[in-house]
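The numbering of the sequence shown is our numbering, which starts it at 5 and goes up by one.
Structure record follows, encoded as C-alpha coordinates.
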Amino acid sequence: MASPASSSVASAQRRPKPPAYPFYLGGVAACLASFVTHPLDCVKNRMQTAKAKQGMWDALKGTAKHDGVSGLYAGLTASLLRQMTYSVTRFGAYDWLKVELRTPSDGPPSKPLPAWKLAACASIAGAAGGIAGNPADIILVRMTSDLNRPPAERYNYKHALHGVYRMTVTEGPVSLFRGIVPNVTRAVLMNASQLATYDFFKHSLLNTGLYKEGTWLHFSASFLAGTVATTVCSPADVIKARVMSANGASGGTIAKLQRAIQKEGIGFLFRGWTPAWVRLSPNTILIFVILEKLRLMVDVAREQQGLPSQRNPGIPDVSGSAEQDNKRS
(Lines of atoms letter the chains of each structure in order from A and count residues from 1; the text may use other names and numbers.)
(Lines give C-alpha, C1' and ligand atoms only; values in the text may rest on other atoms or scores of the structure.)
Protein backbone atom coordinates (compact mmCIF):
# COMPACT_ATOMS: atom_id res chain seq x y z
CA MET A 1 0.00 0.00 0.00
CA ALA A 2 3.05 2.22 0.36
CA SER A 3 3.54 4.70 -2.46
CA PRO A 4 6.87 5.16 -4.25
CA ALA A 5 7.25 8.51 -2.54
CA SER A 6 6.76 7.04 0.92
CA SER A 7 9.13 4.19 0.08
CA SER A 8 11.82 6.65 -0.94
CA VAL A 9 11.30 8.59 2.28
CA ALA A 10 11.60 5.42 4.32
CA SER A 11 14.72 4.49 2.38
CA ALA A 12 16.22 7.91 3.07
CA GLN A 13 15.46 7.56 6.77
CA ARG A 14 17.35 4.23 6.82
CA ARG A 15 20.48 5.83 5.47
CA PRO A 16 23.29 6.36 7.97
CA LYS A 17 23.21 9.75 9.62
CA PRO A 18 25.89 12.12 8.30
CA PRO A 19 28.65 12.86 10.80
CA ALA A 20 28.02 15.75 13.15
CA TYR A 21 29.83 19.03 12.71
CA PRO A 22 33.07 19.40 14.70
CA PHE A 23 32.14 20.40 18.24
CA TYR A 24 34.64 23.27 18.30
CA LEU A 25 33.13 25.27 15.43
CA GLY A 26 31.06 27.42 17.79
CA GLY A 27 34.15 28.33 19.77
CA VAL A 28 36.05 29.30 16.63
CA ALA A 29 33.16 31.49 15.47
CA ALA A 30 32.93 33.13 18.89
CA CYS A 31 36.68 33.83 18.92
CA LEU A 32 36.51 35.54 15.54
CA ALA A 33 33.54 37.62 16.70
CA SER A 34 35.46 38.62 19.84
CA PHE A 35 38.04 40.51 17.80
CA VAL A 36 35.25 42.88 16.75
CA THR A 37 33.19 43.12 19.94
CA HIS A 38 35.88 42.92 22.65
CA PRO A 39 36.20 46.72 23.11
CA LEU A 40 32.53 46.90 24.09
CA ASP A 41 32.97 43.96 26.46
CA CYS A 42 35.93 45.78 27.97
CA VAL A 43 33.91 48.98 28.51
CA LYS A 44 30.97 47.03 29.92
CA ASN A 45 33.13 45.32 32.55
CA ARG A 46 34.73 48.62 33.56
CA MET A 47 31.32 50.24 33.98
CA GLN A 48 30.01 47.34 36.04
CA THR A 49 32.99 47.25 38.41
CA ALA A 50 33.37 51.03 38.80
CA LYS A 51 32.54 52.42 42.25
CA ALA A 52 30.83 55.48 40.78
CA LYS A 53 28.21 55.54 38.05
CA GLN A 54 29.81 56.03 34.65
CA GLY A 55 28.32 56.35 31.18
CA MET A 56 29.45 54.33 28.18
CA TRP A 57 31.01 57.30 26.40
CA ASP A 58 32.78 58.42 29.58
CA ALA A 59 34.23 54.94 29.96
CA LEU A 60 35.35 54.93 26.32
CA LYS A 61 36.97 58.37 26.62
CA GLY A 62 38.60 57.48 29.93
CA THR A 63 40.12 54.34 28.47
CA ALA A 64 41.38 56.14 25.35
CA LYS A 65 42.85 58.93 27.47
CA HIS A 66 44.77 56.67 29.86
CA ASP A 67 45.70 53.68 27.70
CA GLY A 68 45.01 54.71 24.11
CA VAL A 69 43.10 52.61 21.62
CA SER A 70 45.06 49.52 22.69
CA GLY A 71 43.43 49.83 26.10
CA LEU A 72 40.14 48.81 24.53
CA TYR A 73 41.70 45.45 23.74
CA ALA A 74 43.02 44.82 27.24
CA GLY A 75 42.20 41.25 28.19
CA LEU A 76 41.75 40.02 24.62
CA THR A 77 43.66 36.82 25.41
CA ALA A 78 41.25 36.16 28.28
CA SER A 79 38.32 36.74 25.94
CA LEU A 80 39.71 34.21 23.48
CA LEU A 81 40.37 31.69 26.27
CA ARG A 82 36.82 32.18 27.51
CA GLN A 83 35.34 31.53 24.08
CA MET A 84 37.42 28.39 23.60
CA THR A 85 36.08 27.04 26.90
CA TYR A 86 32.63 28.57 27.38
CA SER A 87 31.49 28.73 23.75
CA VAL A 88 33.04 25.45 22.67
CA THR A 89 31.21 23.73 25.53
CA ARG A 90 27.85 25.43 25.09
CA PHE A 91 27.66 25.01 21.31
CA GLY A 92 28.94 21.44 21.42
CA ALA A 93 26.58 20.47 24.25
CA TYR A 94 23.63 22.24 22.64
CA ASP A 95 24.02 20.43 19.32
CA TRP A 96 24.49 17.10 21.09
CA LEU A 97 21.45 17.59 23.35
CA LYS A 98 19.23 18.53 20.42
CA VAL A 99 19.99 15.14 18.89
CA GLU A 100 19.77 13.13 22.12
CA LEU A 101 16.50 14.68 23.35
CA ARG A 102 14.68 14.32 20.03
CA THR A 103 11.86 11.76 20.09
CA PRO A 104 9.80 10.31 17.21
CA SER A 105 6.95 12.67 18.12
CA ASP A 106 9.23 15.64 17.38
CA GLY A 107 9.39 14.69 13.73
CA PRO A 108 12.43 14.32 11.44
CA PRO A 109 15.76 16.06 12.19
CA SER A 110 14.92 18.71 9.60
CA LYS A 111 12.01 19.87 11.76
CA PRO A 112 12.86 22.23 14.68
CA LEU A 113 12.36 20.93 18.20
CA PRO A 114 9.53 22.40 20.30
CA ALA A 115 10.43 25.70 21.93
CA TRP A 116 10.50 24.22 25.43
CA LYS A 117 12.97 21.54 24.36
CA LEU A 118 15.21 24.09 22.68
CA ALA A 119 15.12 26.18 25.87
CA ALA A 120 15.93 23.11 27.97
CA CYS A 121 18.85 22.15 25.71
CA ALA A 122 20.13 25.72 25.76
CA SER A 123 19.85 25.99 29.55
CA ILE A 124 21.73 22.75 30.21
CA ALA A 125 24.39 23.65 27.64
CA GLY A 126 24.67 27.13 29.14
CA ALA A 127 25.23 25.73 32.63
CA ALA A 128 27.97 23.42 31.35
CA GLY A 129 29.59 26.29 29.45
CA GLY A 130 29.41 28.58 32.48
CA ILE A 131 31.29 26.06 34.59
CA ALA A 132 33.91 25.36 31.91
CA GLY A 133 34.50 29.04 31.21
CA ASN A 134 34.49 30.36 34.79
CA PRO A 135 38.29 30.61 35.27
CA ALA A 136 38.73 32.49 31.99
CA ASP A 137 35.76 34.70 32.86
CA ILE A 138 37.41 35.79 36.11
CA ILE A 139 40.63 36.66 34.30
CA LEU A 140 38.65 38.53 31.63
CA VAL A 141 36.82 40.66 34.19
CA ARG A 142 40.04 41.42 36.07
CA MET A 143 42.08 42.30 33.00
CA THR A 144 39.40 44.54 31.48
CA SER A 145 38.56 46.32 34.75
CA ASP A 146 42.13 46.76 36.05
CA LEU A 147 42.03 50.42 35.02
CA ASN A 148 39.37 51.04 37.69
CA ARG A 149 41.73 50.00 40.47
CA PRO A 150 44.50 52.09 42.04
CA PRO A 151 47.89 51.30 40.45
CA ALA A 152 49.12 49.55 43.60
CA GLU A 153 46.09 47.23 43.64
CA ARG A 154 46.02 46.22 39.98
CA TYR A 155 46.49 42.60 39.00
CA ASN A 156 48.69 43.40 35.98
CA TYR A 157 48.29 40.01 34.33
CA LYS A 158 50.47 39.72 31.23
CA HIS A 159 48.02 37.41 29.49
CA ALA A 160 45.23 34.98 30.32
CA LEU A 161 47.38 31.97 31.19
CA HIS A 162 49.56 34.17 33.40
CA GLY A 163 46.40 35.25 35.20
CA VAL A 164 45.27 31.65 35.73
CA TYR A 165 48.72 30.75 37.08
CA ARG A 166 48.84 33.77 39.41
CA MET A 167 45.37 33.08 40.78
CA THR A 168 46.18 29.42 41.38
CA VAL A 169 49.42 30.22 43.20
CA THR A 170 48.36 33.26 45.23
CA GLU A 171 44.66 32.57 45.87
CA GLY A 172 44.42 28.81 45.55
CA PRO A 173 42.80 26.61 42.88
CA VAL A 174 39.35 27.13 44.41
CA SER A 175 39.56 30.83 43.51
CA LEU A 176 39.20 29.89 39.84
CA PHE A 177 35.56 29.14 40.54
CA ARG A 178 34.78 32.32 42.44
CA GLY A 179 31.43 33.76 41.38
CA ILE A 180 30.39 30.51 39.74
CA VAL A 181 26.78 30.78 40.97
CA PRO A 182 26.02 34.15 39.29
CA ASN A 183 28.13 33.14 36.30
CA VAL A 184 26.28 29.87 35.71
CA THR A 185 22.97 31.63 36.37
CA ARG A 186 23.85 34.21 33.74
CA ALA A 187 24.98 31.50 31.30
CA VAL A 188 21.67 29.65 31.70
CA LEU A 189 19.65 32.84 31.30
CA MET A 190 21.71 33.99 28.33
CA ASN A 191 21.50 30.76 26.39
CA ALA A 192 17.82 30.17 27.10
CA SER A 193 16.66 33.73 26.44
CA GLN A 194 18.92 34.31 23.45
CA LEU A 195 18.17 31.08 21.60
CA ALA A 196 14.46 30.84 22.46
CA THR A 197 13.67 34.48 21.65
CA TYR A 198 15.80 34.38 18.50
CA ASP A 199 13.79 31.44 17.17
CA PHE A 200 10.52 33.09 18.24
CA PHE A 201 11.30 36.40 16.55
CA LYS A 202 12.71 34.69 13.47
CA HIS A 203 9.54 32.66 12.86
CA SER A 204 7.32 35.63 13.76
CA LEU A 205 9.09 37.88 11.25
CA LEU A 206 8.90 35.19 8.57
CA ASN A 207 5.16 34.83 9.18
CA THR A 208 4.61 38.54 8.47
CA GLY A 209 5.56 37.93 4.85
CA LEU A 210 7.93 40.91 4.94
CA TYR A 211 11.06 38.82 5.42
CA LYS A 212 12.74 35.98 3.61
CA GLU A 213 15.50 33.71 4.86
CA GLY A 214 18.73 35.65 4.76
CA THR A 215 21.04 38.06 6.50
CA TRP A 216 18.42 40.79 7.00
CA LEU A 217 16.10 38.36 8.78
CA HIS A 218 18.93 37.09 10.97
CA PHE A 219 20.01 40.65 11.75
CA SER A 220 16.49 41.71 12.78
CA ALA A 221 15.81 38.61 14.88
CA SER A 222 19.21 38.89 16.57
CA PHE A 223 18.63 42.57 17.27
CA LEU A 224 15.36 41.81 19.08
CA ALA A 225 16.70 38.70 20.81
CA GLY A 226 19.77 40.60 21.95
CA THR A 227 17.59 43.20 23.65
CA VAL A 228 15.65 40.55 25.56
CA ALA A 229 18.76 38.57 26.50
CA THR A 230 20.65 41.67 27.65
CA THR A 231 17.81 42.77 29.92
CA VAL A 232 17.26 39.30 31.38
CA CYS A 233 20.97 38.74 32.03
CA SER A 234 21.95 42.20 33.27
CA PRO A 235 21.47 41.63 37.04
CA ALA A 236 23.42 38.35 37.03
CA ASP A 237 26.06 39.91 34.78
CA VAL A 238 26.65 42.87 37.12
CA ILE A 239 26.78 40.68 40.23
CA LYS A 240 29.15 38.28 38.47
CA ALA A 241 31.47 41.14 37.49
CA ARG A 242 31.51 42.55 41.05
CA VAL A 243 32.26 39.17 42.64
CA MET A 244 34.94 38.19 40.12
CA SER A 245 36.65 41.57 40.30
CA ALA A 246 36.98 41.35 44.09
CA ASN A 247 39.99 39.76 45.77
CA GLY A 248 37.90 37.58 48.08
CA ALA A 249 38.38 39.63 51.24
CA SER A 250 35.07 41.51 51.16
CA GLY A 251 32.60 38.74 51.95
CA GLY A 252 30.33 36.49 49.91
CA THR A 253 28.04 37.18 47.00
CA ILE A 254 24.99 38.00 49.15
CA ALA A 255 26.96 40.41 51.35
CA LYS A 256 28.37 42.21 48.29
CA LEU A 257 24.90 42.46 46.77
CA GLN A 258 23.37 43.89 49.95
CA ARG A 259 26.09 46.53 50.32
CA ALA A 260 25.81 47.54 46.66
CA ILE A 261 22.03 47.96 46.86
CA GLN A 262 22.32 50.03 50.04
CA LYS A 263 24.95 52.35 48.56
CA GLU A 264 23.92 52.54 44.90
CA GLY A 265 20.27 51.55 44.74
CA ILE A 266 18.61 48.72 42.83
CA GLY A 267 19.41 50.43 39.52
CA PHE A 268 23.04 49.33 39.75
CA LEU A 269 21.90 45.88 38.59
CA PHE A 270 21.41 47.33 35.11
CA ARG A 271 24.64 49.30 34.98
CA GLY A 272 26.50 48.67 31.73
CA TRP A 273 23.27 47.70 29.96
CA THR A 274 23.91 49.93 26.94
CA PRO A 275 27.39 48.61 26.01
CA ALA A 276 26.20 45.09 26.82
CA TRP A 277 23.30 45.53 24.39
CA VAL A 278 25.46 47.21 21.75
CA ARG A 279 27.92 44.35 22.07
CA LEU A 280 25.44 41.48 22.19
CA SER A 281 23.45 42.31 19.07
CA PRO A 282 26.37 42.39 16.59
CA ASN A 283 28.10 39.62 18.51
CA THR A 284 25.10 37.32 18.05
CA ILE A 285 24.93 38.10 14.34
CA LEU A 286 28.66 37.62 13.83
CA ILE A 287 28.80 34.34 15.71
CA PHE A 288 25.96 32.70 13.82
CA VAL A 289 26.93 34.06 10.39
CA ILE A 290 30.52 32.86 10.86
CA LEU A 291 29.34 29.55 12.31
CA GLU A 292 27.11 28.88 9.31
CA LYS A 293 29.99 29.67 6.96
CA LEU A 294 32.24 27.26 8.85
CA ARG A 295 29.56 24.57 8.69
CA LEU A 296 29.17 25.17 4.96
CA MET A 297 32.93 24.73 4.53
CA VAL A 298 32.73 21.41 6.38
CA ASP A 299 29.81 20.29 4.20
CA VAL A 300 31.61 21.20 0.98
CA ALA A 301 34.80 19.44 2.11
CA ARG A 302 32.86 16.27 2.93
CA GLU A 303 30.96 16.32 -0.36
CA GLN A 304 34.18 16.75 -2.32
CA GLN A 305 35.41 13.56 -0.64
CA GLY A 306 32.24 11.74 -1.68
CA LEU A 307 30.86 11.72 1.86
CA PRO A 308 27.34 12.65 3.02
CA SER A 309 26.96 16.05 4.65
CA GLN A 310 24.41 17.76 6.84
CA ARG A 311 23.00 19.80 3.95
CA ASN A 312 22.97 16.81 1.59
CA PRO A 313 22.54 13.68 3.75
CA GLY A 314 21.80 11.52 0.72
CA ILE A 315 23.95 11.27 -2.39
CA PRO A 316 26.58 14.04 -2.20
CA ASP A 317 26.16 16.91 -4.62
CA VAL A 318 29.50 18.66 -5.04
CA SER A 319 27.93 21.53 -6.92
CA GLY A 320 25.72 22.31 -3.92
CA SER A 321 22.65 24.48 -3.90
CA ALA A 322 22.84 28.22 -3.36
CA GLU A 323 19.15 28.33 -2.55
CA GLN A 324 19.56 25.67 0.14
CA ASP A 325 22.59 27.45 1.59
CA ASN A 326 20.59 30.67 2.01
CA LYS A 327 17.89 28.83 3.93
CA ARG A 328 20.29 27.50 6.54
CA SER A 329 20.33 29.57 9.74
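Don't be surprised by glycine CBs; every beta carbon is placed ideally from N, CA and C.
Excluding the 5 residues flanking it on each side, residue 189 has same chain C-beta neighbours closer than 6 Å at 240, in chain order.
When 316, 298, 274 are compared, the shortest CA-CA separation from residue 59 is found for 274. For the options 49, 42, 94, the alpha carbon positioned closest to that of residue 73 is the one of 42.
Within the region 134 to 200, the alpha helix (DSSP H) runs of at least 4 residues that lie entirely inside it are, in chain order, 164 to 175.
For residue 94, the enclosing alpha helix (DSSP H) covers residues 92 to 104. Measuring C-alpha to C-alpha distances from residue 99 to each of 170, 31, 246 identifies 31 as the nearest.
For residue 313, the three-state secondary structure derived from DSSP is coil. Inter-segment contact for the region 139 to 156 and the region 81 to 99 is present: three or more beta-carbon pairs are separated by less than 8 Å.
Taking 8 Å as the upper bound for CB-CB distance, residue 209 and residue 215 are in contact here, some 5 Å apart. Each of 128, 149, 117 was checked against the Cα of residue 248, and the nearest Cα belongs to 149. Straight through space, the alpha carbons of residue 163 and residue 128 are spaced by roughly 30 Å. In this model, residue 49 and residue 108 are separated by some 45 Å (Cα to Cα). Residue burial is scored here from C-beta neighbours: residue 266 has fewer than 16 other C-beta atoms within 10 angstroms and is therefore classed as exposed.
With a 10 Å radius around the Cβ and a threshold of 16 neighbouring Cβ atoms, residue 112 comes out exposed.
Each residue's CA atom was taken as its position, placing residue 119 and residue 301 some 28 Å apart. Between residue 288 and residue 226, the C-beta spacing is below 8 Å.
A residue is called buried once 16 or more other Cβ atoms fall within 10 Å of its Cβ, and residue 303 is buried on that count. Spanning the alpha carbons of residue 222 and residue 206 requires a straight line of approximately 7 Å. In this structure, the beta-carbon distance from residue 269 to residue 242 does not fall below 8 Å. Per DSSP, the continuous alpha helix (DSSP H) segment holding residue 30 begins and ends at 29 to 53. When secondary structure is reduced to three states using DSSP, residue 286 falls in the helix class. Residue 97 and residue 36 have their C-alpha atoms roughly 20 Å apart. Its chain contains 138 as the residues whose beta carbon lies nearer than 6 Å to that of residue 184, once the 5 sequence neighbours on both sides are disregarded; these appear in chain order.
Within the model, the alpha-carbon separation for residue 211 versus residue 65 is close to 43 Å. With a threshold of 16 other beta carbon atoms within 10 Å, residue 174 falls short and is exposed.
Within the same chain, 183, 186, 187, 190 come within 6 Å of residue 244 by CB-CB distance, once the 5 residues on both sides are set aside. The beta carbon of residue 179 sits closer than 6 Å to those of 171, all from its chain and outside the five residues before and after it, given in chain order. Residue nearest to residue 124 within the set 75, 77, 105 is 105 (criterion: CA-CA distance). The DSSP-derived three-state label of residue 219 is helix.
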